[in-house]
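Residues -18 to -1, 1 to 358 in mature numbering (1 follows the signal peptide of the UniProt record, and there is no 0) are what the sequence shown spells out, letter by letter.
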Amino acid sequence: MKGSVLLAAACASTAVFAEERVKPRALVTIEVAPGETRQITEEERWDLTANGGCGAHFFDISTTHAEPIEVKAHAPYPSTFSYQENVKRLFPKLNWDNILKNLEHYTTYPTRFSETETGAQAADWLLTQVQDVVSTSGKQGVTAAAFPHAAWPQDSIVVTIPGRTNKTVIVGAHLDSVNSANRTRGRAPGADDNGTGSFTILEALRVLLSDDENFGAGKLENTVEFHWYAAEEGGLRGSQDIFTQYAAAGRDVWAMLNQDMTGYSKATLDAGKPESFGLITDFTDAELNQYMTRVIDEYTDITHVESTCGYACSDHGSATRSGYPSSFVFEAAFEYRNPHIHTPNDTIDKLDPKHVLQHGRLVLGFIYELGFSAAS
């Protein structure tokens, strides 16, 4: 997730490793509100991220230069569910041990910051895991490919499962991490932010491809894509690059669900609140959000609370900015988010495995229902 959570924590001790060189850029153009842009230096950009707290949310539009596109009217989402039996029989297949194994390796990279060598290596390793899931499934016609970016070395990843139509349903998660006290040399394991989101959607993909004979290329009504975004930290650059290109190509995206941080429930429970998702209501699509409340009620065991996270707080914002309906279902109400992100303390021991698997159920329900639903 973009933006510092607790500056004091973020500026705590950092593990130091071989310094990486960040490519200099004279000025960065950022958008801090719809249509409101500023030009700042590279260092000012990162100072804003580190010191601005949760309001330091912005798009870095230096490479895309795209104007915001208003979300157009889209086909309504189904008023009833049609695939409950198909989806719910997949729930026992979701396996925390698979997620944990991936997290244990992923958090060994000193940082997954997008402009470092280890950030590029982490994305390459993740692509291998994604490709292994696709190839092991034996499903023909499913592709998993890197989505390179010209301005930094870390690739995004896109899995495509073609449907009978080009109308597309997307679930995405960012793959990078950052230590906001020292972006190039500070240790940034990023277990929750966003290892949990990355491997929640990978495990959902594995279950759908390997354990459901009906789920595959040409069997779906709509095309389904799984995205892992590079360079979310510091301006949502990877997802912007993808969605800007989709908009320019006239791609028809029916719904985008963002999974950024799926593993922390402690603050919610410590406050005496019931375990819940945070349904982000600002800069998201109201109709899709309403649909997601029904997905939550039907396919998960926990409730949701409405919450806000500010402009450009995560990659769903890139979909919205490119004119596509998006929703962001977060690990908790925003005030109860993980306080350890962007520090060396964002580690696996802070995670709630059962909560992660609730997000896995959410993804299965979202993808299955909309993947097979004929839009009217």
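Yeah, the Cβ is synthetic: ideal placement off N, Cα and C, and Gly gets one too.
If you draw a straight line from the Cα of ARG94 to the Cα of GLY232, it is about 32 Å long. A buried status is given to GLN136, since no fewer than 16 other beta-carbon atoms sit within 10 Å of its beta-carbon. The segment 179 to 186 makes no contact with the segment 6 to 16, as fewer than three CB pairs between them are under 8 Å. Look at MET(-18) here: in three-state DSSP terms it is coil, with no helix or strand label. Of all C-beta pairs linking the segment 244 to 263 to the segment 307 to 322, three or more are shorter than 8 Å, placing the two stretches in contact.
Between LEU157 and LEU108, the C-beta gap is smaller than 8 Å, which places the two residues in contact. Under DSSP, GLU207 shares a beta bridge with THR142, ILE152.
In the displayed model, THR118 falls within a helix according to three-state DSSP. Beta bridge pairing from DSSP links ALA126 with VAL141. For the 8 Å CB-CB criterion, THR226 and SER304 form a contact.
With respect to the C-alpha of TYR211, the residue from GLN340, ASP193, GLU52, PHE129 having the closest C-alpha is PHE129. The beta carbons of THR89 and PRO171 sit closer together than 8 Å.
TRP236 and ARG343 have their C-alpha atoms some 20 Å from each other. Taking the C-beta atoms as reference points, ILE81 is found nearer than 8 Å to VAL338. Bounds of the beta strand (DSSP E) holding GLN21 are 18 to 22. If the five residues before and after SER64 are omitted, its C-beta is found closer than 6 Å to no C-beta atom of its own chain. By the C-beta criterion, the segment 113 to 130 is judged not to be in contact with the segment 40 to 57, since fewer than 3 inter-stretch pairs fall below 8 Å. ALA15 is bridged by DSSP to GLU18.
Following the DSSP letters along the chain, one finds TRP236 inside the beta strand (DSSP E) bounded by residues 235 to 240.
Between THR150 and GLU207, the C-beta gap is smaller than 8 Å, which places the two residues in contact. Using a Cβ distance threshold of 8 Å, ASP175 and ASP29 do not count as a contacting pair. Just so you know, the alpha carbons of THR45 and GLY145 end up roughly 31 Å apart. GLN272 is the residue among LYS332, THR166, GLN272 whose C-alpha sits nearest the C-alpha of PRO58. Ranked by Cα distance from ASP234, the first of THR178, PRO307, PHE73, SER180 is PRO307.
With a cutoff of 8 Å on beta-carbon distance, HIS39 and GLY292 are scored as near each other.
Taken atom to atom, the span from the alpha-carbon of GLU351 to that of GLN113 is near 24 Å. For PHE348, there is no enclosing beta strand (DSSP E); the enclosing alpha helix (DSSP H) covers residues 335 to 354. Beta-bridge partners of LEU261 (DSSP): GLU288, VAL311.
Scanning ASP193, ASN77, GLU99 for the CA closest to the CA of VAL69 turns up ASP193. Taking 8 Å as the cut-off, the beta carbon of SER221 is found closer than this to the beta carbon of SER300. Annotation: THR147 to GLN241 spans about 25 Å, alpha carbon to alpha carbon.
The DSSP-derived three-state label of VAL53 is coil. Beta-bridge annotation (DSSP): VAL10 is paired with ILE22.
In the structure shown, the three-state DSSP call for ASP106 is helix. Cβ neighbours of MET243 within its own chain (closer than 8 Å, five residues either side excluded): MET(-18), ASP174, ASP175, ASN176, THR178, GLY179, PHE312, GLU313, ARG319, ASN320, ILE323.
The beta carbon of LEU270 sits closer than 6 Å to those of ALA237, PRO307, SER309, all from its chain and outside the five residues before and after it, given in chain order.
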